[in-house]
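The structure appears below as structure tokens.
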Amino acid sequence: MTECFQFCSASSGNSISSSNDGATYSVKHHHQDHNGGDSPNIMLSAEDRQKKKEMDSLLSEAMKTLTFKEQQEQLEALHGVAHEMTEEPSLIENAIRDLDDCLKTTKEGTAYEAAERRSNEYVSNRPFRLMFLRANRYDSKAAADQMLMFFEAKQKLFGAEKLVKDITMKDLDEDDLACLRTGCFQHIGYDRSNRAVVFQGPGLRAFRILDNELRLRYYLTMRLLRSEGVQRRGAVAIRYSVGNLKDNKNGEGYLEHIRLRKSLPIRYEGVHVASDDPRQVLLANVALAAMGSKLRTRYRIHHGSHVECLYKLATYGISAKILPLTATYDIDLKLHMEWFQSCLMDDMSSHFTAAQSPILTTELNANDALFMCCKKSHTSGNDRLRKLVKETSGMYDAGNYETKKSIADKVINEIQEPGGRFLQHVKGSVAVWEVLPPKEIRAKTTQLFRNYRRSSSKNNVKERTLVSAGALPNDVVFGRSERNRGTNLLHCLIKDRFEEYEALNRGKKLIVVNSIVDQLKGEGSRFLQPTKDFRGYVELSDELVRNRVSKYFQNHRRRKSSSC
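Under UniProt numbering, residues 1 to 564 are what the sequence shown spells out, in order.
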């Protein structure tokens, strides 16, 4: 089983030697590293040495448990020369019937049963069940066991309410999507046997909690399984830990990943681990122990530089051209991000008509202004937008149409200049946003001015000063209480200056209003409103006073019109 697990690369002449006390292994390299220099000797600790023995044993024993025919089948699958299974109608019907029988006897108390109660149509859907049968080569008992595991895993990752829902990007939160964008798991293309190749870059791992990465794996796998070709032919996995792609999480979550993989209806025909450091390979020893014995026979380790590992992968039908690496062996995420955007548009297609063609994003920056239904956002972009509206609201309210349009445009430019965008949350999604077009942006901005005017009026009412003593003769008292001298003076001034007020355009009417307010204040007037219980008064703010005086002019206009 030397091909199945070897730290020595045939092309490089590497060797493994033991120190005199047997406590460490020294892996001596005679090839160049990914930067062109000589790779340093790598020492294995006694613990790593034990892990290596365990992995050697697991891999060799896996092949011994198989018959000669089964061994040949596994090797053919690994090299991509196995014949695709013929799906005879009778085979399918018998397998589905047996699958139903198996589930009836094992489903009690499981997440599968909970899903069945929610939607029997979903769990008994024929194409859905075929995924599990194909993944298990029409072994109905194995397919039934996997279906039970599948719904347990799905419930744990997404909750019971999504058991009978196909998971899309709408169901992923911001941390899940950030993890997806890293490219630590990605579909990179197909091998020479037209099997999907899944690339795992351990050095790209980044998550807030492990479930973010597990949900990523679930989404990517189920996305691949939309293709019947992937269901029939299976897939190939590459765990690539060469150069700067070494695992930055030190193997965290490998066992959880193996458990999730076993629950997902995809058949991996080959698993390749490429590394220039045997310690990276040893991180997967726990995961290897959790694998099924047949999958272990299709597990290959390639040790060496980038060039050597890529050459070895090519012998298994995996072209170096499909790996997401640049000429200098840095990660290249261009195609992955194109795939990401394509999935995003596809998952959101039910939300938009074909004519809309929205620009969608899941990445936010600090300068973005976010709009969510019935929820206030507190990003720095939103805070800046609210501040701009507050600072310019006086000029905006006093201006005519052109003035308001100009002020709104200036506010918009202030947000966009440092790279901010106006984003609308896509209804039904967790963390997907639509980039708003210019017309929608202006509508949102003008609405903010109107909202501020209303909220400001309400806040001014809340912040009014309570007057402990009663109203003085020169005070203006708003409301339906008996008029005093100050209130009568206000009505006289409105009547006297009405023609002047009407002759001015909307932007200059405030000049007349301010003049009246200032004149009354010069007479010693305060502007009061009775409390709700009519036992006292509150003094109104200047802004609220101007609004009330403007309202009196409008009322006077209506009275004149009705008298005519």
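Note that beta-carbon positions come from the ideal geometry of N, C-alpha and C, so glycine has one too.
Quick caveat: nothing in here was measured; it's all calculated off a predicted structure.
Handout entry: Run of the alpha helix (DSSP H) containing E121, from where it starts to where it stops
Key = Translated into positions along the sequence shown, residue 121 becomes position 121. Element bounds for E121: N120 to V123.
Practice task
Say whether the region 172-182 touches the region 210-230, bearing in mind that this needs 3 or more beta-carbon pairs closer than 8 Å, one atom from each stretch.
Solution key: yes
Exercise for the section: Compute the beta-carbon to beta-carbon distance between I188 and I301, rounded to the nearest angstrom, for a pair I have assumed lies under 8 Å. Expected result: For the purposes of this step, residue 188 is taken as residue 188 along the sequence shown, with counting starting at 1. For the purposes of this step, residue 301 is taken as residue 301 along the sequence shown, with counting starting at 1. About 20 Å; that fails the 8 Å criterion.
Problem - Beta carbon of L78 nearer than 8 Å to that of E269 - result: Residue 78 sits at position 78 when you count from the first residue of the sequence shown. Residue 269 sits at position 269 when you count from the first residue of the sequence shown. The answer is yes: Cβ separation under 8 Å.
Practice task
Whole angstroms is fine: what's the gap from L388's alpha carbon to R454's?
Solution key: For the purposes of this step, residue 388 is taken as residue 388 along the sequence shown, with counting starting at 1. For the purposes of this step, residue 454 is taken as residue 454 along the sequence shown, with counting starting at 1. Each residue's alpha carbon lies about 16 Å from the other.
Exercise for the section: Say whether the region 121-139 touches the region 263-281, bearing in mind that this needs 3 or more beta-carbon pairs closer than 8 Å, one atom from each stretch. Expected result: yes
Handout entry: Cβ contact check for the region 477-489 and the region 523-535: 3 or more pairs under 8 Å
Key = yes
Handout entry: Simplified DSSP assignment, three categories, for V517
Key = Taking the sequence shown and counting its residues from 1, one reaches residue 517 at position 517. Correct three-state label for V517: helix.
Practice task
State the CB to CB distance for the pair R298 and V271, rounded to an integer number of angstroms; the pair is presumed to be in contact (CB under 8 Å).
Solution key: By one-based count along the sequence shown, residue 298 stands at place 298. By one-based count along the sequence shown, residue 271 stands at place 271. Their Cβ separation, rounded to whole angstroms, is 6 Å, which keeps R298 and V271 in contact under 8 Å.
Problem - Beta-carbon proximity of L436 to F449, cut-off 8 Å - result: Against the sequence shown, residue 436 aligns to sequence position 436. Against the sequence shown, residue 449 aligns to sequence position 449. No, these two residues do not count as a Cβ contact at 8 Å.
Handout entry: Segments of 3+ residues assigned as beta strand (DSSP E) that fall wholly inside the region 229-276
Key = 235-241 and 268-275
Exercise for the section: Indicate the three-state DSSP secondary structure (helix, strand or coil) for T221 in the structure shown. Expected result: By 1-based counting over the sequence shown, the position of residue 221 is 221. DSSP places T221 in helix when its eight states are reduced to three.
Handout entry: From L75, G394, H425 and K154, residue whose alpha carbon lies closest to that of Y452
Key = In the sequence shown, the residue the question calls residue 452 occupies position 452. That would be G394, whose Cα lies nearest to the Cα of Y452.
Handout entry: Reduced DSSP secondary structure (H/G/I, E/B, other) of G203
Key = Within the sequence shown, numbered from 1, the residue matching residue 203 stands at position 203. Of the three classes helix, strand and coil, the one that applies to G203 here is helix, per DSSP.
Exercise for the section: Out of L360, T361, N382 and E363, state which residue places its alpha-carbon closest to the alpha-carbon of A369. Expected result: Residue numbering aside, residue 369 sits at position 369 when the sequence shown is read from its first letter. Considering only alpha carbons, the answer is N382.
Exercise for the section: Let me know the secondary structure DSSP gives H336 once reduced to three states. Expected result: The residue you call residue 336 lines up with position 336 of the sequence shown. Reduced to three states, the DSSP call for H336 is helix.
Practice task
Run the CB neighbour count on A115, radius 10 Å, all protein chains shown included, and call it buried at 16 or more, exposed below.
Solution key: Sequence index remark: in the sequence shown, residue 115 carries index 115 (1-based). Result: buried.
Exercise for the section: Kindly provide the ranges of any beta strand (DSSP E) runs that are 3 or more residues long and lie completely inside the UniProt domain "DUF6824" (377-451), ordered along the chain. Expected result: 422-425 and 433-435
Practice task
Would you check if the region 326-346 and the region 396-407 touch, i.e. whether three or more CB-CB distances between them fall below 8 Å?
Solution key: no
Exercise for the section: Check I167 in the structure and name its three-state DSSP category. Expected result: Taking the first residue of the sequence shown as position 1, residue 167 is located at position 167. Reduced to three states, the DSSP call for I167 is coil.
Handout entry: Whole-number beta carbon distance between M348 and V432, since they are thought to touch under 8 Å
Key = As a working note, residue 432 is residue 432 in the sequence shown. As a working note, residue 348 is residue 348 in the sequence shown. With a Cβ gap of about 6 Å, V432 and M348 count as contacting.
Exercise for the section: Report yes if the CB atom of G201 is closer than 8 Å to the CB atom of G183, and no otherwise. Expected result: Taking the first residue of the sequence shown as 1, we reach residue 201 at position 201. Taking the first residue of the sequence shown as 1, we reach residue 183 at position 183. Yes, they are a contact pair.
Practice task
Confirm the yes/no value for this check: CB of I331, any heavy atom of the ligand ADP, distance under 7 Å.
Solution key: This structure does not include the ligand ADP; it has no bound ligands of any sort.
Problem - First through last residue of the alpha helix (DSSP H) which encompasses T487 - result: Taking the sequence shown and counting its residues from 1, one reaches residue 487 at position 487. From DSSP, the alpha helix (DSSP H) with T487 extends over R485 to D496.
Problem - DSSP-derived helix/strand/coil call for Q372 - result: By 1-based counting over the sequence shown, the position of residue 372 is 372. In the sequence on display, residue 372 carries Met and not Gln. Note: M372 maps to strand in three-state DSSP.
Problem - Q231 and M149 closer than 8 Å at C-beta - result: Translated into the one-based positions of the sequence shown, residue 231 becomes position 231. Translated into the one-based positions of the sequence shown, residue 149 becomes position 149. No.
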